[in-house]
Amino acid sequence: MAPPSLKAAVRRARVEQAEQSSVVAELRGAELARLEMLRDALEPVLAQVPGDVDLFDTGLVPGERPRLFIDMIAYVEMAADRRVYRFVQDTRHGRVILAESERIDPIVEACTNYIARRLVEREKALASDSLERGDVIERPVPVARPVAAGPEPEVPVADVAPPPQRSRWRGWFATTFLFLIEFLGSVALLVLAAGAGYFLWTIAEAWWVANYGR
Numbered sequence: 006m007a008p009p010s011l012k013a014a015v016r017r018a019r020v021e022q023a024e025q026s027s028v029v030a031e032l033r034g035a036e037l038a039r040l041e042m043l044r045d046a047l048e049p050v051l052a053q054v055p056g057d058v059d060l061f062d063t064g065l066v067p068g069e070r071p072r073l074f075i076d077m078i079a080y081v082e083m084a085a086d087r088r089v090y091r092f093v094q095d096t097r098h099g100r101v102i103l104a105e106s107e108r109i110d111p112i113v114e115a116c117t118n119y120i121a122r123r124l125v126e127r128e129k130a131l132a133s134d135s136l137e138r139g140d141v142i143e144r145p146v147p148v149a150r151p152v153a154a155g156p157e158p159e160v161p162v163a164d165v166a167p168p169p170q171r172s173r174w175r176g177w178f179a180t181t182f183l184f185l186i187e188f189l190g191s192v193a194l195l196v197l198a199a200g201a202g203y204f205l206w207t208i209a210e211a212w213w214v215a216n217y218g219r
């Protein structure tokens, strides 16, 4: 349990004292004291607002009707009886009462809900502006690092494989075989011609001997 706060006790004492008096200044002081207590209760909520959001500039403005501003269009003031908190928002259609209560807790809850709605409206407005401008969030694409390539193999420019030895020998044998066939054919033709000539000469010789003798 939190220890009692002397500061809050002094404010409550001022309120009680002002309620028993009809002096306007003291009544105004009571209003300020009540609004200060509400401001202290809202500090933990406002501390959770993101640092880049400048919508909420809470401030207590004294005057004939003291007001605790939550932002530029919403504030809390005391009702005519100076006991009831009244949470008001200015709109295009006039003032709208968002909450009323004699206790602080309901007003703190109403202010918290209002702050949350304003944050959501801000997010929607930013998203709408981005879509109208056509903003596209580009994510970096990972670039593959080149792999160090080894030395390329040397390819000979005119590296023609020599013909196989078997093909060379086969050609030589074929040529030699054809030559032998031609040679043997020529020899055979000569032998046949010589044989034919000898045969004819023998016949002629026999005919001569038979007719004329030696």
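In this note's numbering, the protein residues as written are 6 to 219. Quick reminder that beta carbons are idealized off the backbone N, C-alpha and C, glycines included. Keep in mind the model is a prediction, meaning the values are calculated, not measured.
In the DSSP annotation of this structure, Leu-60 is not part of any beta strand (DSSP E), being labelled neither H nor E.
Per DSSP, reduced to three states, the secondary structure at Ala-104 is strand. With contacts defined as CB atoms closer than 9 Å, Ile-75 and Leu-37 fail to qualify as a contacting pair. Here the alpha carbon of Glu-82 sits roughly 37 Å from the alpha carbon of Ser-135. One alpha carbon belongs to Asp-110, the other to Val-50, and they sit about 12 Å apart. The C-beta distance from Arg-87 to Leu-32 rounds to 6 Å, short enough to fall under 8 Å. In this structure, Val-54 lies near Leu-60, with their beta-carbon atoms less than 9 Å apart. Here the alpha carbon of Leu-40 sits roughly 14 Å from the alpha carbon of Ala-23. Ranked by Cα distance from Val-113, the options Arg-100, Tyr-203 and Leu-73 are led by Leu-73.
Residue state for Asp-95 is assigned as strand, using DSSP reduced to three classes.
Per DSSP, Arg-72 is one residue of the beta strand (DSSP E) stretching across 72-74. Residue pairing by DSSP places Tyr-80 opposite Phe-74 and Val-93 in a beta bridge. Annotated as distal: Leu-124 and Ala-115, with beta-carbon spacing of 9 Å or more. Secondary structure at Val-20: helix, using DSSP grouped into helix, strand and coil. DSSP, read as helix, strand or coil, puts Val-50 in helix. Linking Asn-216 to Phe-182 through their CA atoms gives a straight-line distance of about 51 Å.
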